[in-house]
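Chemist: The letter at position 502 of the sequence shown is residue 502 when you use UniProt numbering, and the numbering goes up by one with no holes. Ideal placement from N, C-alpha and C gives every residue a C-beta, glycine not left out. Sharing a structure below in structure tokens format, with a few things to ask.
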Amino acid sequence: MNTDNPLLKDFNYAPFSKIKTEHFKPAITEAIQLAKSEIEVIASAATEPTFENTIEELEFSGEKLDRVTSIFFNLNSAETNAKIQKIAQEVSPLLSEFSNDIILNEDLFKRVKAVYEQKDALDLTTEQKTLLDKKYKSFSRNGANLPKEKQEELREIDKQLAALSLNFGENVLAETNKFELQITQEKDLDGLPESFKEEAKTVAESREKKGWIFTLDYPSYIPFMKYAKNRELRKKMAIAFGAKGFNGDELDNQENVLKIAKLRYQRAQLLGFETHAHFVLQERMAETPEKVDSFLNELLEKAKPAAEKEFQQLEDFAKELDGIDHLEKWDSAYYSEKLKQKLFNLDDEKLKPYFKLENVIDGVFTIASKLYGLQFNETQEVEKYHPDVKTYNVTDENGKNIALFYADFHPRPGKRGGAWMTEYKSQFVKNEKEERPHVSIVCNFTKPTKSEPSLLTFNEVTTLFHEFGHALHGMLANTIYPSLSGPNVYWDFVELPSQVLENWCYEKEALQLFAKHYKTGEAIPMELVEKIKESSSFQEGMQTVRQLSFGMLDLSWHAIDPSTVEDVKAHEKQAFEATKLYPDVPENCMSTAFSHIFQGGYSAGYYSYKWAEVLDADAFEYFKEQGIFSKEVADKFKNNILSMGGTEHPMTLYKRFRGEEPKPDALLKRAGLIEK
């Protein structure tokens, strides 16, 4: 083993300061070889296969590879550059090939199958049974039961898919970074808040340009669309945002979309499934595309009348205010914000002073402490991959180490947009020694300026709570096996811990803990809290229809045979027909930048957000019945959901927490779509 490479040495915390970009490829190559030799030992053992010498050994093999690749791919998302992206292109096929080498290792599969076939006679715990089932399926669902030539075909498809989805993501990032709107006339800034203009001026200065620069990064794009009075400039921004990957140039993603959809379909067919969605949903709570389709349509039926009414109200308001005859997509955020201010006298600029980033972080920590007894202490002892990153030691009420927590809050070049939670190390127990997790959340919030700290919009506050909910799932994990730990659960269950935590942002008792004016320290006035609450279901019909449209677009690519689809835009228009409110923008296409489904893991799974909303509204109803800081309900949630990971079927865990299956009524009530 190369002893000079810090990634190949033993480490607990990621040794960021010692890692150079050129260390990654050799480390991954060597870690693959090491994992291969561990697999070979299991596959060629002369002893009878048992749960311990086959399934458990397999679970704990490749530990070094897991650590190295988690560091690499996390950096490729949060701190990337051309060199890292090039390495990602080079190592992705190697990793894809390695996972296929395992899946298609006949001797190994024989041993796994032998244990699986005698599972009823074995004295296994529930978690062990789940692991055995998961390991067997990881082979059978990836072609281990196929004849040789079909296995080779599958290998080739996987290699192509790995490269295509990477390329898709790189194009989206490049498109985001490429665009800038430079404004040199002050009159074109009408409507924009002072703090936002100051940030745009800072961006221009950093690029050695005059005036103000606005980009497609969320903290720049969203406020611009919400407040800029100049309709033509809003149009320019919206078209640029919606045209990512759809410009017919070297960053165009249309071909990638078609190839990915077709290869996924071929793969599913090879494995005996009707479509990619049938393949994916076999391992989800929803189980079948038909069930997802009826779930989405049932919600659409409830939400569409409300959405149409809200749209009409918005159109009338825009006409009355500015004589706008037809609302376009670039009018949506602007007039919605104006209408919200009129109805509730509430806008982000009024709220932001109460949501200084540091106070919101303290708030989410306090809530985690009240619910789950966790303490967060910032530490300088742990290495970081960027100076912006904050690190915290997490302990329980007895001072026991629970987790290491990384938090990375601001946009920068080389960091992809959006927000996510990830891990640098899983929680597990090996040789009776417990390893605690290293959990990270990455967001893109407004940066501090020369005159103001980082002040969050209310939407950013809920985003922080959302990602922190995922982080709690990772931190409070309490399982034996890493692949069943924390957020390693069915994808339509994974959003429950994140979405449920957002509910505390709307509760007076919770807001009083942290929503304090950054200058005066004054607590947020109760009338603002009431307005936040009242406005929480503002345009919820339109929001719901929008989310459902994304779920339907996803299914339209993955629950069909896409081999006849030739025009990405035409296909998309058809998929959006049932949910359409705004006129179509010919220059725009969502699919070409829909990273969740073409790069992330949400293919045939975007419905999960709404599915999990049903769960989270139902779960929070239980908290409200007993008090939002009820220790009894929090303990039930922690012990049955957060700590259990993927050790049992999610519905079993949910019913153990709640006492019954979830009902959509709580969600529909919360959204104002049915009477309370």
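1. Identify which residue in ALA368, ARG416, HIS410 and SER165 has its Cα closest to the Cα of ASP396.
2. Below 8 Å on the Cβ atoms is my guess for LEU555 versus ALA277; work out the distance and round it to an integer in Å.
3. From LYS400, THR520, MET651 and ASP362, pick the residue whose C-alpha is nearest to that of ALA510; which is it?
4. Buried or exposed for residue 678, going by 16 or more other Cβ atoms inside 10 Å?
5. Does GLN185 pass the burial test, meaning 16 or more other C-beta atoms within 10 Å, or should it be called exposed?
6. If you draw a straight line from the C-alpha of LEU472 to the C-alpha of PRO497, how long is it?
7. Anyone know if the C-beta pair for PRO482 and ASP188 falls short of 9 Å?
8. For a quick check, are the C-beta atoms of LYS229 and TYR334 less than 9 Å apart?
9. Do three or more CB pairs link the region 97-116 to the region 127-144 at distances below 8 Å?
10. If contacts are defined as beta-carbon pairs under 8 Å, then ALA200 and PHE214 qualify, I think. What distance do you get, rounded to the angstrom?
11. Helix, strand or coil: how does DSSP classify GLN282 here?
12. Let me know if MET526 comes out buried or exposed under the rule of 16 or more other beta-carbons within 10 Å of its beta-carbon.
13. Taking 9 Å as the threshold (C-beta atoms), are ASP492 and ALA286 in contact?
14. Comparing C-alpha positions only, which one of GLU194, GLU675, PHE594 and ALA306 sits nearest to GLY169?
15. Indicate the three-state DSSP secondary structure (helix, strand or coil) for LYS425 in the structure shown.
16. Considering only their Cβ atoms, is the gap separating VAL442 from MET421 smaller than 9 Å?
17. How big is the Cα-Cα spacing for LEU581 and ILE402?
18. Going by C-alpha to C-alpha distance, which of GLU328, THR592, LYS350 and SER603 sits closest to ASP252?
19. Quick check on the DSSP output: the beta strand (DSSP E) that includes ASP408 runs from which residue to which?
20. Look at PHE623 and ALA634 and say whether their C-beta atoms are less than 9 Å apart.
21. Could you check what DSSP says for ASN76 in three-state terms: helix, strand or coil?
22. HIS438 bridges to which residues according to DSSP?
23. Count the other C-beta atoms from every protein chain shown that fall within 10 angstroms of the C-beta of ALA78, then say buried if there are 16 or more, exposed otherwise.
24. I think LEU300 touches PRO453, with their Cβ atoms under 8 Å apart; what is that distance to the nearest whole Å?
25. Could you give the first and the last residue of the continuous alpha helix (DSSP H) run that contains TRP557?
26. How would you write the range of the alpha helix (DSSP H) that PHE376 sits in, first residue to last?
27. Would you mind listing the beta strand (DSSP E) stretches within the region 212-288 that are 3+ residues and don't spill past its ends, in chain order?
28. Using the C-alpha atoms, what's the distance from LYS425 back to GLU57?
Modeler: Per the coordinate set shown:
1. The residue labelled residue 396 in the question sits at position 396 within the sequence shown. Out of ALA368, ARG416, HIS410 and SER165, ALA368 has the C-alpha closest to the C-alpha of ASP396.
2. Here the question's residue 555 lines up with position 555 in the sequence shown. Here the question's residue 277 lines up with position 277 in the sequence shown. The beta-carbon distance between LEU555 and ALA277, rounded to whole angstroms, is 6 Å. This is short enough to meet the 8 Å contact definition.
3. The count along the sequence shown starts at 1 and reaches residue 510 at position 510. Comparing Cα-Cα distances from ALA510 to each of LYS400, THR520, MET651 and ASP362, the minimum goes to ASP362.
4. Here the chain covers residues 1 to 676 and nothing more, so residue 678 does not appear.
5. Locating residue 185 in the sequence shown gives position 185, counting from the first residue. GLN185 is exposed by the Cβ-count criterion.
6. Here residue 472 refers to the residue found at position 472 when the sequence shown is read from its first residue. Here residue 497 refers to the residue found at position 497 when the sequence shown is read from its first residue. Pairing LEU472 with PRO497, the inter-Cα distance amounts to about 8 Å.
7. Taking the first residue of the sequence shown as position 1, residue 482 is located at position 482. Taking the first residue of the sequence shown as position 1, residue 188 is located at position 188. Result no, Cβ atoms of PRO482 and ASP188 do not sit closer than 9 Å.
8. Translated into positions along the sequence shown, residue 229 becomes position 229. Translated into positions along the sequence shown, residue 334 becomes position 334. Yes, these two residues count as a Cβ contact at 9 Å.
9. Yes, since at least three Cβ pairs between the region 97-116 and the region 127-144 fall closer than 8 Å, the two stretches touch.
10. Residue 200 sits at position 200 when you count from the first residue of the sequence shown. Residue 214 sits at position 214 when you count from the first residue of the sequence shown. So it is a contact: roughly 6 Å between Cβ atoms.
11. If you number the sequence shown from 1, residue 282 lands on position 282. Note: GLN282 maps to coil in three-state DSSP.
12. Locating residue 526 in the sequence shown gives position 526, where the first residue counts as 1. Per the 10 Å Cβ criterion, exposed.
13. The sequence position of residue 286 within the sequence shown is 286, counting from 1. The sequence position of residue 492 within the sequence shown is 492, counting from 1. Yes, Cβ-Cβ distance for ALA286 and ASP492 is below 9 Å.
14. Looking up residue 169 in the sequence shown gives position 169. Each of GLU194, GLU675, PHE594 and ALA306 was checked against the Cα of GLY169, and the nearest Cα belongs to PHE594.
15. Counted from its first residue, the sequence shown places residue 425 at position 425. If DSSP states are grouped into helix, strand and coil, LYS425 belongs with the strands.
16. Residue 421 sits at position 421 when you count from the first residue of the sequence shown. Residue 442 sits at position 442 when you count from the first residue of the sequence shown. Yes, the pair counts as a contact, with Cβ atoms nearer than the cut-off.
17. Along the sequence shown, one-based indexing puts residue 581 at 581. Along the sequence shown, one-based indexing puts residue 402 at 402. In a straight line, the C-alpha of LEU581 is about 47 Å away from that of ILE402.
18. As a first step, residue 252 is located in the sequence shown; it is residue number 252 there, counting from the start. The candidate whose alpha carbon is nearest that of ASP252 is THR592.
19. Mapped onto the sequence shown, residue 408 falls at position 408. Where ASP408 is concerned, the enclosing beta strand (DSSP E) stretches over 401-408.
20. Working through the sequence shown from its first residue, we reach residue 623 at position 623. Working through the sequence shown from its first residue, we reach residue 634 at position 634. In contact: PHE623 and ALA634 (Cβ atoms closer than 9 Å).
21. What you label residue 76 is simply residue 76 of the sequence shown in a count that begins at 1. Here ASN76 sits in helix by DSSP.
22. Taking the sequence shown and counting its residues from 1, the one referred to as residue 438 is at position 438. Partner(s): LEU404 and LYS425.
23. Residue mapping note: residue 78 aligns to position 78 of the sequence shown, counting from 1. Per the 10 Å Cβ criterion, buried.
24. Here the question's residue 300 lines up with position 300 in the sequence shown. Here the question's residue 453 lines up with position 453 in the sequence shown. Rounded to the nearest angstrom, the Cβ distance from LEU300 to PRO453 is 42 Å, too far for a contact under 8 Å.
25. Here residue 557 refers to the residue found at position 557 when the sequence shown is read from its first residue. From DSSP, the alpha helix (DSSP H) with TRP557 extends over 540-558.
26. Start at 1 with the first residue of the sequence shown, and residue 376 comes out as number 376. Where PHE376 is concerned, there is no enclosing alpha helix (DSSP H), although the beta strand (DSSP E) it sits in stretches over 375-378.
27. 212-214
28. In the sequence shown, the residue the question calls residue 57 occupies position 57. In the sequence shown, the residue the question calls residue 425 occupies position 425. Going from the Cα of GLU57 to the Cα of LYS425 covers about 18 Å.
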